[in-house]
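Enquirer:
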Amino acid sequence: MRELVSLVALVLLLSASPDCCDALRALRLRGGSDAMLDERLSSMKLSELQKELRAKGLSTKGLKAELIKRLQDSMHEPSKDVGIKRNAPDDPGEGNMQEEDTEGELPMKQPRTDRPCVQHSDEHQSTGTGEEPLIKVRQTNQAKIVIEREGDDGVVKVINGYDLKDRCRAAGFKFDAAERAWVIPIFALLHGMGVSSLDQIEHDDIMDYLQRIEVTEALASQPKEQEELEAEVDGDMVSLKGNTYAWKDKIRSAGFRWDSTRSCWRRPLDQVLLWLKSVRTGGADEEGDVEEHVIRAITEISQEELARASPAQVEQLQPYLKVDKEEVRIYNSYNLKDHLRQLGFRFNVQEKCWSSRLEDVKRLLPDEDLTLDAIMGVMPDDKQLVPQAPFLSINGTDVEVHNSYSMKDSLRSIGFRFDAARACWIRPVEEVLTLLELPDSSSITLELLTETSKRAVEGEIAQEKLAPHKSAAPSLKVEGDELAVYNCYEIREKLRAAGFRWNSEGAKWTRNLQDAMYALDASDLTVEKLLSLEATGEGREQGKEKASPHLSVVDGEVLVFNSYEVSRAPLLPPSQGLLQVKDKLRAIGFRWDSSRGVWSRPTVDTMSLLGVTEEEAISLDKLLAVDPLSQQAEQAQPTVEVVNEEVLVLNSYSAKEELKSLEFHFDSERRAWVKSVVEVKQMLGLEDQMDIDMNKLLAHAEKLRSQAKEGEQLEEGEHAQEQEQMEEGEGGGGAKPADRSPSPDVVDHTPGPLPPLLTDSY
């Protein structure tokens, strides 16, 4: 009968409680039995358990059984509640209404009448009245709601919502990669919540709505944005963006090609218009219809039909051959790449095709015309495709060894060097003939090179034969609108100072032709003239504007261009006149952005560094006048941050040994030493994570070091005592039975006081 009464009381209690969390609190405060509490916890959903743990400041990671155990322990031992302190309530019924406004912590839920309106609950939210927000929220990894209104329209964002991603997706939110947030229009959210106005809901209502959404296994495993494919006409090109991975084969069959610089698939607009007329989409008479018809063609028509284009387009979609001077090029040959590689073709990055020398291709086809069909006729079958063995060829004055990765060490040992432009190892023919002691180049073989390499390793060949002769002199060429310099490793620093930039694909240094011609004419266009201009300073005044560093403020960042030049800021002392701009920028906290070729730092940080209040006051001269030593000393101070249940120590190079002794581990991605909050609190004997600071960590590390040192001294003392006893025993003709070391079988392992001798010594 007593159990029946308890069960009825539990049902009435749960029906009167607003949610499961409040019910558990009320049940515990009213003295419910452990069995009833365990039964209620077992019946709760995973989201409800996570919500209860989050309200207590505990971790929400783990299986359901682990969450139940964690929640049971917290209810039996409320004093160990992680990260949250609250005074004992005067009335048990008001225990869940107490709230602590702890920065960085999730506040306990409070009554609706006391909660601030959602428009004021976030520091990023502006109501248009210019008033300060009522609650300042610290930037952490805790999920939060942001509402951005634009008249009658607007959006709702969920920031740091990784744990809610499945629920956000089920509720109709879309992930905005640029904003790093889940976004939904306000009207769509109101429709989903069943309310007519944003004024009727608050911050917690939106979060509760997301928590209540059921996420099925199929929805959780569904690829994000699987169905969306975007088409866009960009000038004279058509681009495909969005989720293109699922359609990549059909997109390639439709003639689109991947553009790695823009991260999208692209094809010329005129070709797309012709292609659309050949597929069954009704055609595209106007450019405004292109996007819709392209999406329909990619998603609705089979891959075979897409590739079956009009005759005008077959040439563009199928592989075709062109002969350019002394080179044979094959385009649209992705499916033939392995076969072409076996025939000695190499991929040309600039032309996006597979190419080979004309004489090598004619050697493959001695009695046939130079056509694509003829080349395909000598291609090996798929079953014969094997990694190609190294082969040797004579190209002009050089010996070339291709496919030579397996013997690169042997080639390097006999003076060959790798040419990135030709993708092979090379050495002049004359040097190779002298090395191998051969009369002509027709006798050079890979076997002789391998044998010579073995002899070189054993020291049987003179060093002057192995060492390559002085590399070819730098050469200068005009290529289109660029000036290119080859074989210029020894003068690379001078070229860089003259405004040239390294082109890794072409293995050359390049500069815009018009920029390089400010003091030269066509007859004087030589490497020696360029270097003499740089050495004498002739023409520097004309080129100074383009080579000098300059500063811009763009989108909240301070960007410094042309920072390789030597600093000439008027505010610098003479001793620092030779310090390069890039070194000064690195010393004062700027970071290099290789994608844009600039040094950057947030505008707010830069204004704070210079002590100015307006962006217009930022100048390059002021930046270069900052003392790097004082700035480095200021930045070198380690700082402690508590983020997402972890303790992060930043700028910690000077304290890395102490952090290692405290068993912190270094996170290279975040550039910080990391350890969990729970472990640090236990280590330091703290109850509140807000009490963790760098001084306590360093003091504890020093304490451990002192204890370890005392332990070492104790061990050294014990060792010295044993040595003295052994010496006394040997001097007296043998140790007494009482002084001898006992056998391990008869040692008394019962803990007890130290022996008198050690006690007196310490």
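Throughout the sequence shown, residue numbering follows mature numbering (1 follows the signal peptide of the UniProt record, and there is no 0), covering -23 to -1, 1 to 739 in sequence. We put the CB at the ideal spot given by N, CA and C, even for glycine.
#1: The beta strand (DSSP E) spanning C145 covers which residue range?
#2: Below 6 Å CB to CB, which residues in the same chain sit around I183 once its five sequence neighbours on both sides are set aside?
#3: Answer with buried or exposed for P526, where buried requires no fewer than 16 other C-beta atoms within 10 angstroms of its C-beta.
#4: How many Å lie between Q666 and S683 at the Cα?
#5: Just to confirm, is the Cβ distance from I468 to S418 under 8 Å?
#6: Report the option in N621, F641, S638 and R648 whose CA atom is closest to the CA atom of N628.
#7: Between the C-alpha atoms of residue 744 and S20, what's the straight-line distance to the nearest angstrom?
#8: Got a sec? Which residues, its chain only, sit under 6 Å from D668 by beta carbon, not counting five neighbours each side?
#9: Which residue from F538, Q119, G149 and K652 puts its Cα closest to that of G138?
#10: List, from N- to C-terminal side, the beta strand (DSSP E) runs of 3 residues or more that fit wholly inside the stretch 226 to 255.
#11: By the three-class DSSP mapping on this structure, what secondary structure does G373 have?
#12: Can you tell me where the beta strand (DSSP E) holding M214 begins and where it ends?
#13: To the nearest angstrom, how far is the alpha carbon of L490 from that of D458?
#14: Rounding to the nearest angstrom, what Cα-Cα distance links S529 and L536 in this structure?
#15: Can I163 and L175 be called in contact, C-beta distance under 8 Å?
#16: Count the CB pairs spanning the stretch 328 to 341 and the stretch 379 to 399 that are closer than 8 Å, and state whether there are at least three.
#17: Could you name the residues of the same chain whose beta carbon sits closer than 8 Å to that of V355, not counting the 5 residues immediately before and after it, in chain order?
#18: Just reading off the beta strand (DSSP E) that D668 is part of, what are its end residues?
#19: Which residues mark the beginning and the end of the beta strand (DSSP E) in which K454 is found?
#20: In this structure, does DSSP put N325 in helix, strand or coil?
#21: Measure the alpha-carbon distance for A274 versus C241 and round it to whole angstroms.
#22: With a 10 Å radius around its C-beta and 16 neighbouring C-beta atoms as the bar for buried, classify W252 as buried or exposed.
#23: Give me whichever residues DSSP pairs with G131 in a beta bridge.
#24: Helix, strand or coil: which one does DSSP assign to D644?
#25: Using 8 Å for Cβ pairs, my map puts P367 next to L423. What's the rounded Cβ distance?
#26: In terms of residue numbering, what span does the alpha helix (DSSP H) encompassing P308 cover?
#27: Using the three-state DSSP reduction, which class does D315 fall into: helix, strand or coil?
#28: Please determine, among G566, A697 and E656, the residue with the shortest C-alpha to C-alpha distance to V581.
#29: Is it right to say V590 is buried, meaning 16 or more other beta carbons lie within 10 angstroms of its own, or is it exposed?
#30: Should V455 be labelled buried (16 or more other beta-carbon atoms within 10 Å of its own) or exposed?
#31: So the candidates are E592, I595 and N539; which of them puts its Cα closest to the Cα of R573?
#32: Just to confirm the assignment, what range does the alpha helix (DSSP H) spanning E428 have?
#33: Taking 8 Å as the cut-off, decide whether the C-beta atoms of E205 and S216 are in contact.
#34: Can you tell me whether E568 is helix, strand or coil according to DSSP?
#35: In its own chain, which residues sit with a C-beta less than 7 Å from the C-beta of E701, not counting the 5 before and 5 after it?
Expert: Answer, in terms of the structure:
#1: Within the sequence shown, residue 145 is the residue found at index 168, counting from 1. No beta strand (DSSP E) holds C145; the alpha helix (DSSP H) holding it covers K142 to A147.
#2: The residue labelled residue 183 in the question sits at position 206 within the sequence shown. Same-chain partners within the cutoff: I122.
#3: As a first step, residue 526 is located in the sequence shown; it is residue number 549 there, counting from the start. Flag for P526 reads buried.
#4: Along the sequence shown, read from residue 1 onward, the residue named residue 666 stands at position 689. Along the sequence shown, read from residue 1 onward, the residue named residue 683 stands at position 706. When the Cα atoms are used, Q666 and S683 turn out to be separated by approximately 25 Å.
#5: Along the sequence shown, read from residue 1 onward, the residue named residue 468 stands at position 491. Along the sequence shown, read from residue 1 onward, the residue named residue 418 stands at position 441. Their beta carbons are not under 8 Å apart, which means I468 does not touch S418 by this criterion.
#6: In the sequence shown, counting from the first residue as 1, residue 628 sits at position 651. Nearest C-alpha to N628: R648.
#7: With the chain covering only -23 through 739, there is no way to say anything about residue 744.
#8: Here residue 668 corresponds to residue number 691 of the sequence shown, with the count starting at 1. Closer than 6 Å at Cβ, skipping near neighbours: no residue.
#9: In the sequence shown, counting from the first residue as 1, residue 138 sits at position 161. Comparing Cα positions, the closest option is Q119.
#10: 234 to 236 and 241 to 245
#11: Taking the sequence shown and counting its residues from 1, one reaches residue 373 at position 396. Here G373 sits in coil by DSSP.
#12: In the sequence shown, counting from the first residue as 1, residue 214 sits at position 237. That run of the beta strand (DSSP E) goes M214 to G219.
#13: Working through the sequence shown from its first residue, we reach residue 490 at position 513. Working through the sequence shown from its first residue, we reach residue 458 at position 481. So the two alpha carbons sit approximately 5 Å from each other.
#14: In the sequence shown, the residue the question calls residue 529 occupies position 552. In the sequence shown, the residue the question calls residue 536 occupies position 559. Rounded to the nearest angstrom, the two C-alpha atoms are 5 Å apart.
#15: Taking the first residue of the sequence shown as position 1, residue 163 is located at position 186. Taking the first residue of the sequence shown as position 1, residue 175 is located at position 198. Against a cut-off of 8 Å, the Cβ pair of L175 and I163 comes out as a contact.
#16: no
#17: Along the sequence shown, one-based indexing puts residue 355 at 378. If we look at V355 and ignore the five residues flanking it on each side, its Cβ neighbours are L320, L341 and L342.
#18: Locating residue 668 in the sequence shown gives position 691, counting from the first residue. No beta strand (DSSP E) holds D668; DSSP gives it neither H nor E.
#19: In the sequence shown, the residue the question calls residue 454 occupies position 477. Element bounds for K454: S452 to E456.
#20: The residue given as residue 325 occupies position 348 in the sequence shown. Here N325 sits in strand by DSSP.
#21: Residue mapping note: residue 274 aligns to position 297 of the sequence shown, counting from 1. Residue mapping note: residue 241 aligns to position 264 of the sequence shown, counting from 1. If you draw a straight line from the Cα of A274 to the Cα of C241, it comes to about 18 Å.
#22: In the sequence shown, the residue the question calls residue 252 occupies position 275. Using a 10 angstroms sphere on the CB of W252, the tally of other CB atoms reaches 16 or more, which defines it as buried.
#23: Numbered from its first residue, the sequence shown carries residue 131 at position 154. G131 is bridged to R126.
#24: In the sequence shown, the residue the question calls residue 644 occupies position 667. DSSP places D644 in strand when its eight states are reduced to three.
#25: Against the sequence shown, residue 367 aligns to sequence position 390. Against the sequence shown, residue 423 aligns to sequence position 446. Their Cβ separation, rounded to whole angstroms, is 6 Å, which keeps P367 and L423 in contact under 8 Å.
#26: To locate residue 308, count along the sequence shown from 1; it is residue 331. First, the residue type needs correcting, since residue 308 is Tyr and not Pro in the sequence shown. First-last for Y308: E304 to Y308, but that is the beta strand (DSSP E), not the alpha helix (DSSP H).
#27: Counting from 1 along the sequence shown, the entry for residue 315 is found at position 338. If DSSP states are grouped into helix, strand and coil, D315 belongs with the helices.
#28: Taking the first residue of the sequence shown as 1, we reach residue 581 at position 604. Cα-wise, what sits closest to V581 is G566.
#29: The count along the sequence shown starts at 1 and reaches residue 590 at position 613. For the record, residue 590 in the displayed sequence is Thr; it is not Val. Exposed: under 16 other Cβ atoms inside 10 Å.
#30: Position 478 of the sequence shown, counting from 1, holds the residue named residue 455. With fewer than 16 Cβ atoms within 10 Å of its Cβ, V455 is classed as exposed.
#31: The sequence position of residue 573 within the sequence shown is 596, counting from 1. Ranking E592, I595 and N539 by Cα distance to R573 puts N539 first.
#32: To locate residue 428, count along the sequence shown from 1; it is residue 451. Its alpha helix (DSSP H) spans residues L423 to V434.
#33: Reading the sequence shown from its first residue, position 228 is the one you call residue 205. Reading the sequence shown from its first residue, position 239 is the one you call residue 216. Between E205 and S216, the C-beta gap is not smaller than 8 Å, which leaves the two residues out of contact.
#34: For this step, residue 568 is matched to residue 591 along the sequence shown. For the sequence presented, residue 568 should be read as Arg rather than Glu. For R568, the three-state secondary structure derived from DSSP is strand.
#35: The count along the sequence shown starts at 1 and reaches residue 701 at position 724. For E701, where only same-chain residues beyond five positions count, there are no Cβ hits under 7 Å.
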